[in-house]
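In the working numbering, the protein residues as written are -1 to 479.
Each residue gets a CB set at the ideal place from its N, CA and C atoms; glycine is no exception.
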Amino acid sequence: MGDLLDELAAIAGERHVVTHPDRLRTYESDGLLQYAVVPSAVVLPGSGEEVRRVVAACHRAGVPWVARGAGSGLSGGALPVADGILIALTRLRRILEVDLPNQRVVVEPGVSNLAVSHAVAPDHFFPPDPSSQVVCSIGGNVAENSGGAHCFKYGFTTNYVTGLEVVLADGAVVRLGGKEVDRPGYDLVGAFVGSEGTLGVATRVVLRVVPAPETVRTLVAFFAATAEAGEVVSAIVAAGIVPGAIEMMDRLAIEAAEGYAHAGYPTDAGAALLVELDGSEVECRARLDAVVELCERGGASGVRVARDAAERELIWRARKSAFAAMGRISANYYVQDGVIPRTRLGEVLRRIDELAAEYRLRVANVFHAGDGNLHPLVCYDGAVAGEPERAEELAGLIVRACVDAGGSITGEHGVGVDKKRHMPAMFSEADLDAFQRLRCAFDPAGLANPGKVMPTPRLCGEVPGPYRQHPLEAAGVAERF
């Protein structure tokens, strides 16, 4: 490791290699604080070429590595390896090209999600909209296939990545895709997006942006219970209305968010349903009237329509601050990310309530109601003996309840280390073996983000010798720089 650290210092500069124990603690976890591992060292390369040289050095030394962006992930996907190197990409934050006539932007992985929309405003925007978009980076979005509030209408990160420059685990650099929407051949861009850093590290990303809508109208409706709000969500979709966003918060989430955002949400409401419409002025006006009518018919105790951009921002502030605001009512919380069919919403929420009562813990629910992506936040006090363990067990049972209802263990946060034990609940051994064969094609030595996604240790075979030709190049499906 000493020789490797000297080489990393020569590549990135001594000030960009972190080895002091106190400074290393900064990188011991991502946004899911329940897991923490201190890496042997952290290196902060300043360019794609430096990333390539760092990865190649780790490969020659046989040392595993983990790529990390802003560290805002919520599945332990960027959790370090104790005997490995953490490659922090925060210095790679250049927007390399803005090509609005072709609706393309080329960025480095450290560029924040929100910075992309700012770069193309006011005529265009980047639809993937995680609530952490102010800080979360494009590299992390690509790794986790992030979604967010607007994914119901616009889709996920994978729908907006057309090309990638990738450093593979042995230091080879390949180009996947390009500026075109659908390059012939195997969809390796689609395979890489959402691979959670296990296939390599992206050093350049080609993004698709879209024209900004002419009009945006936002409303929030309040209900006595989440079941009533859920019925209205189904009614909106059944009416053929496709909002830009449909978000829901339950009573506990409203209580926490209102104490922070002061957005005027009634804290005695059982549920808040936030609906945002975008499109032409004529379409939005008609759709808004229809949504208000459906909310009132569904039993809403009040409907508040944003009068201007400032009020729209205030309404959204309550929703987007919900995770952070939970600290006002709970010392700790454990966030999950299951997906269910919309029609099973009431059933699964009732099951969550039953489990919360059984485990004597509170659960706040904040979710993307349009696509059934739940974000239950299990509240607990880490200083009380046994509560962290009960919270983790409860969170796991909520994930299983989602799968039992015909859903998924994750909608946008990824599997990471947190949910890999639940993979067999969704996938057969044959499925998992297929995933592993894909991973081994990219990383035969298993050095890239080891220990993530797969439920049990799976090896790719012998550690290969020095790089000559990567299997992807030999197959003719990737171009080496």
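Label residue i either buried or exposed according to how many other C-beta atoms from any shown protein chain fall within 10 Å of its C-beta, with 16 as the threshold for buried.
i: M(-1); result: exposed
i: G175; result: buried
i: T24; result: exposed
i: V376; result: buried
i: D369; result: buried
i: D555; result: Residue numbering for the chain in the displayed model covers -1 to 479; residue 555 lies beyond these limits and cannot be assessed.
i: N111; result: buried
i: A473; result: With a pLDDT of 47 at A473, under the threshold of 50, the predicted position of this residue should be treated as unreliable, and no value is reported.
i: F479; result: No answer about F479 holds up, because its pLDDT of 33 lies below 50 and its placement is not dependable.
i: T341; result: exposed
i: H18; result: exposed
i: G60; result: exposed
i: A8; result: exposed
i: D287; result: exposed
i: T160; result: buried
i: N363; result: buried
i: G183; result: exposed
i: L30; result: buried
i: L163; result: The residue asked about is misnamed: residue 163 is Glu in this sequence, not Leu. It is buried - the Cβ of E163 has at least 16 other Cβ atoms within 10 Å.
i: H260; result: exposed
i: A504; result: It is not possible to answer for residue 504, since the shown part of the chain is limited to -1 through 479.
i: V132; result: exposed
i: E477; result: Residue confidence for E477 is low, a pLDDT of 40 falling below 50, so the modelled location carries little weight and cannot support an answer.
i: D28; result: buried
i: S278; result: exposed
i: Q467; result: Only weak support exists for where Q467 lies, its pLDDT of 41 falling under 50; the value from the coordinates is given anyway. It counts as exposed.
Could you round the C-beta distance between residue i and residue j to whole angstroms and report it? I think they count as a contact, below 8 Å.
i: R348; j: G257; result: Not a contact, Cβ separation roughly 26 Å.
i: C149; j: A68; result: 19 Å between Cβ atoms; not a contact.
i: L72; j: D335; result: 7 Å
i: E47; j: R202; result: The Cβ separation is near 11 Å, so there is no contact.
i: T224; j: M246; result: 7 Å
i: G146; j: S70; result: G146 to S70, Cβ: 12 Å. No contact.
i: V199; j: V53; result: 7 Å
i: E142; j: H411; result: 6 Å
i: P374; j: V361; result: 5 Å
i: V204; j: R102; result: 6 Å
i: Y263; j: A316; result: 6 Å
i: F154; j: P126; result: 6 Å
i: A255; j: S319; result: 6 Å
i: L275; j: R285; result: 5 Å
i: E26; j: P78; result: 7 Å
Compare the beta carbon distance of residue i and residue j with 7 Å and say whether it is the shorter of the two.
i: F365; j: L359; result: no
i: A367; j: V280; result: no
i: G404; j: P448; result: no
i: Y331; j: A393; result: no
i: K417; j: E194; result: no
i: L2; j: V15; result: no
i: S480; j: P128; result: Because the chain in this structure spans residues -1 to 479, residue 480 falls outside the shown range and cannot be described.
i: V240; j: K177; result: no
i: A227; j: I252; result: no
i: A55; j: I85; result: no
i: Y378; j: E385; result: yes
i: G414; j: G75; result: yes
i: R456; j: Q434; result: yes
i: V118; j: V207; result: yes
i: R437; j: T196; result: yes
i: L94; j: V109; result: no
i: P37; j: H122; result: no
i: I396; j: I350; result: yes
i: A140; j: V96; result: In the sequence as presented, Ala is not what sits at residue 140; that position holds Val. The answer is no: Cβ separation not under 7 Å.
i: G268; j: A222; result: yes
i: L445; j: P62; result: yes
i: V337; j: G409; result: yes
i: V289; j: V273; result: yes
i: R295; j: A304; result: no
For chain B, check one thing: does any of its Cβ atoms lie closer than 7 Å to the Cβ of residue i?
i: I85; result: Going by chain labels, chain B is absent from the structure shown, which holds only one protein chain.
List in chain order: all unbroken alpha helix (DSSP H) runs of 4+ residues lying wholly within the segment 211 to 291. 224 to 236, 249 to 259
Segments assigned beta strand (DSSP E), at least 3 residues, entirely inside the segment 357 to 410: 361 to 366, 371 to 378
Can you confirm whether the segment 297 to 313 touches the segment 209 to 223 when touching is taken to mean that 3 or more C-beta pairs between the two stretches lie within less than 8 Å? yes
Uninterrupted beta strand (DSSP E) stretches inside the segment 309 to 357 (no shorter than 3 residues): 330 to 333
Would you call the segment 406 to 425 and the segment 160 to 169 in contact, with 3 or more CB pairs under 8 Å? no
Any chance the segment 86 to 97 sits against the segment 44 to 64, with 3 or more Cβ pairs inside 8 Å? yes
Beta strand (DSSP E) runs contained entirely in the segment 57 to 105, provided each spans 3 or more residues: 63 to 66, 83 to 86, 93 to 97, 102 to 105
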